[in-house]
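Peer 1: Take a look at the following structure, please.
In my numbering, the protein residues as written are 1 to 136.
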């Protein structure tokens with residue numbers, strides 16, 4: 001609904017909603033993004049939500065540039081701009097405990113994504129395969 005948003009996390013309030021809602025989120029190191037003077041002893045961490053990885057990083061980097069981190073904390077690590085996207089050489093395919101209960105249409109859609117990745121030259125390591133490092 002918005003290009004980016006800021007949230008706080010103690011146990012998972014940034015990364016879990018992102019995974020449930022299909023957006024990107026960054027929960028940086030404690031104190032990397034300034035939490036304000038009243039949050040000094042809190043375990044809460046400021047994080048960023050966004051619709052794209054690039055936007056997520058740019059918002060976090062800009063907050064770090066303008067407000068720095070909490071006093072005594074090292075701040076946000078990384079470049080001001082996100083690196084160029086690059087195709088992975090290989091990916092591991094994971095099927096969690098809910099996979100057998102996943103409906104056939106969803107399993108088929110996931111299969112099509114995997115087929116497209118392989119067609120693009122990405123090596124997939126599938127469940128049950130035991131490839132030695134030299135095979136990768």
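Ideal Cβ placement from N, Cα and C applies to all residues, glycine included.
Residue 136 by DSSP, collapsed to three states: which one?
Peer 2: Since pLDDT at residue 136 reaches only 49, below the 50 mark, its modelled position is unreliable, and the value read off the structure follows with that caveat. If DSSP states are grouped into helix, strand and coil, residue 136 belongs with coil.
Peer 1: Classify residue 137: buried if its beta carbon has 16 or more other beta carbons within 10 angstroms, exposed otherwise.
Peer 2: With the chain running from 1 to 136 in the structure shown, residue 137 is simply not present.
Peer 1: Check the DSSP bridge columns for residue 8 and list the partner residues they point to.
Peer 2: DSSP lists 46 as partners of residue 8.
Peer 1: Quick check on residue 136: buried or exposed, where buried means 16 or more other Cβ atoms within 10 Å of its Cβ?
Peer 2: For residue 136, the predicted model reports a pLDDT of 49, less than 50, meaning its position is unreliable; a value from the coordinates is still stated below. So residue 136 counts as exposed.
Peer 1: How about residue 113 and residue 90: are their beta carbons less than 9 Å apart?
Peer 2: No, Cβ-Cβ distance for residue 113 and residue 90 is not below 9 Å.
Peer 1: Looking at C-alpha atoms only, which residue of 30, 117, 24, 128 is the closest neighbour of residue 71?
Peer 2: Comparing Cα-Cα distances from residue 71 to each of 30, 117, 24, 128, the minimum goes to 30.
Peer 1: Given a cut-off of 9 Å, decide if residue 59 and residue 67 are closer than it, judged by their beta-carbon atoms.
Peer 2: Cβ distance not < 9 Å, so residue 67 and residue 59 don't count as in contact.
Peer 1: Looking at the secondary structure, which residues open and close the alpha helix (DSSP H) in which residue 33 lies?
Peer 2: Premise fails: residue 33 is in no alpha helix (DSSP H) and is neither H nor E.
Peer 1: Pull the bridge partners of residue 125 from the DSSP assignment, please.
Peer 2: Partner(s): 92.
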